[in-house]
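Take the sequence shown: its position 263, counting from 1, is numbered 263 in full-length UniProt numbering, and each next residue is one higher. See below for the structure under consideration.
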Amino acid sequence: MAESFDCVTSNLLCSENSNTCFDGFDCNATNGIGISPSRNKQNNHTHSQDPIFDIIRSESSVGFPLQSEERVREMVEREREHLPRDDYLKRLRSGDLDLSIRREALDWICKAHAHYSFGPLSVCLSMNYLDRFLSIYELPRGKSWAVQLLAVACLSLAAKMEETRVPQSVDLQVGEPKVVFEANTIQRMELLVLSTLGWRMQAFTPFSFIDYFLSKTNIVKHQLRLSLSRSVQIILSTVKGIDFLEFRPSEVAAAVAISVSRQMQAMDIDRAMTCFIYVEKGRVLKCLELIKDLSLIHGSANVANASAPSVPQSPIGVLDAACLSYKSDELTVGSCANSSHNSPDARGSNQAKPSEVEFKS
């Protein structure tokens with residue numbers, strides 16, 4: 001059974017200044033928990049130096065990194081360590097866990113993410129943290145502020161992991177939130193998320209593997225940027241639907257690579273799968289079928305011949321396209337683009353003080 005907030009929050013006492021919540025750790029050690037404070041806010045275990053992530057973080061030139069087969073094999077073996085509990089998807093589908101909690105959190109994360117022009121990778125990390133947390137802990141029922149606080153904490157942590165410019169956590173609360181949390185309250189929630197996830201924050205996402213699988217499809221050089229833009233769009237769309245929680249990040253990346261490659265050039269799936277030696281063919285094909293159902297794919301008649309302006313080139317353009325693409329009414333969380341420029345300054349008098357927000361169900 002999921003634990004409640006009560007059992008661990010009594011000791012979550014920390015305050016925020018201009019530094020991050022990782023202050024006080026040995027800057028030269030990770031202690032086996034996956035955090036190295038000296039990393040300059042870049043995820044150095046998979047792609048801090050990977051040129052392919054230029055299109056994910058900026059609009060710079062694109063190229064494939066030389067990831068060894070051994071490195072990819074190790075990543076596939078370790079990705080299980082950064083997934084929600086095995087019964088998480090089943091509980092979401094059965095109603096044991098409230099799907100609206102995830103929907104509400106993702107909606108806000110999209111808005112804040114677009115407001116600050118974060119890279120798409122931060123969305124995937126935020127939702128990875130949120131899904132893993134919800135699979136272990138049960139939020140207090142009847143307290144809508146708990147969802148908002150969790151979403152703020154997850155995005156704040158993801159931004160600290162991946163972005164080079166990170167606003168103060170209180171400034172992440174864009175739009176018109178019903179409750180505005182103070183910095184120490186947000187950091188208490190961050191610490192709860194960190195401890196709950198075992199401080200394993202360098203999670204593997206489909207972005208960790210997409211470069212490898214695209215390179216196996218032999219996409220020609222002049223199509224690299226288009227294929228990467230397309231891959232980013234599809235990956236962000238998969239974050240919105242809970243059905244993709246059934247698959248590992250490597251399996252999603254493999255399916256995305258096949259989907260994009262088939263649109264851009266004639267490719268035999270069976271032949272491609274022979275090169276994807278670290279993933280199960282049946283699961284990748286099942287994921288590929290789900291991707292075909294995305295309106296993002298159905299709305300694209302011929303990507304290979306599409307004009308360049310039709311493909312969002314910036315991270316925010318990619319994110320906005322993905323946020324508007326999923327056609328399922330049940331899983332749609334709303335447009336990020338329409339809400340991304342609200343100022344966090346208009347907060348009025350509803351600032352939540354630590355004494356007013358108790359982690360009790």
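Built from N, CA and C at the ideal position, the CB exists for glycine as well. In this text, all values refer to a predicted model and were calculated from it rather than measured experimentally.
Quick check: the Cα distance between residue i and residue j, rounded to an integer number of angstroms?
i	j	result
residue 170	residue 288	39 Å
residue 122	residue 142	28 Å
residue 89	residue 79	17 Å
residue 129	residue 200	9 Å
residue 279	residue 188	38 Å
residue 228	residue 131	26 Å
residue 137	residue 72	31 Å
residue 167	residue 75	31 Å
residue 231	residue 261	10 Å
residue 234	residue 91	25 Å
residue 244	residue 294	12 Å
residue 291	residue 257	11 Å
residue 145	residue 126	18 Å
residue 165	residue 120	14 Å
residue 160	residue 242	25 Å
residue 212	residue 95	37 Å
residue 208	residue 214	12 Å
residue 197	residue 218	37 Å
residue 158	residue 195	15 Å
residue 281	residue 109	33 Å
residue 238	residue 124	10 Å
residue 249	residue 99	21 Å
residue 180	residue 225	40 Å
residue 83	residue 184	28 Å
residue 114	residue 81	29 Å
Could you check what DSSP says for residue i in three-state terms: helix, strand or coil?
i	result
residue 181	strand
residue 41	For residue 41, the pLDDT reaches just 38, beneath the cut-off of 50, and the residue's location in the model is therefore unreliable, leaving the point undetermined.
residue 212	helix
residue 116	coil
residue 88	helix
residue 246	helix
residue 227	helix
residue 259	helix
residue 291	helix
residue 283	helix
residue 199	coil
residue 192	helix
residue 33	Residue placement at residue 33 cannot be trusted, given a pLDDT of 27 that sits under 50; the coordinates are not used to answer.
residue 238	helix
residue 111	helix
residue 143	coil
residue 83	coil
residue 207	helix
residue 148	helix
residue 232	helix
residue 327	In this predicted model, residue 327 has a pLDDT of only 37, less than 50, meaning its place in the structure is not dependable; the value taken from the coordinates is given anyway. Looking at residue 327 - three-state DSSP - the assignment turns out to be coil, as it is neither helix nor strand.
residue 128	helix
residue 162	helix
residue 72	helix
Suppose the cutoff is 7 Å on Cβ atoms and the five residues either side in sequence are ignored; what does the same chain contact list for residue i look like?
i	result
residue 156	169, 172, 186 and 190
residue 153	186, 189, 190 and 193
residue 247	283 and 287
residue 93	none
In chain order, what residues of the same chain have a beta carbon less than 6 Å from the beta carbon of residue i, not counting five sequence neighbours either side?
i	result
residue 284	251, 254 and 255
residue 104	147
residue 210	231 and 253
Please classify residue i: is it buried, with 16 or more other beta-carbons within 10 angstroms of its beta-carbon, or exposed?
i	result
residue 205	buried
residue 277	exposed
residue 70	exposed
residue 221	exposed
residue 86	exposed
residue 68	exposed
residue 117	exposed
residue 162	buried
residue 150	buried
For residue i, which residues from the same chain have a beta carbon less than 8 Å from its beta carbon, with the 5 sequence-adjacent residues on both sides left out?
i	result
residue 101	134, 139 and 147
residue 178	144, 145, 148 and 350
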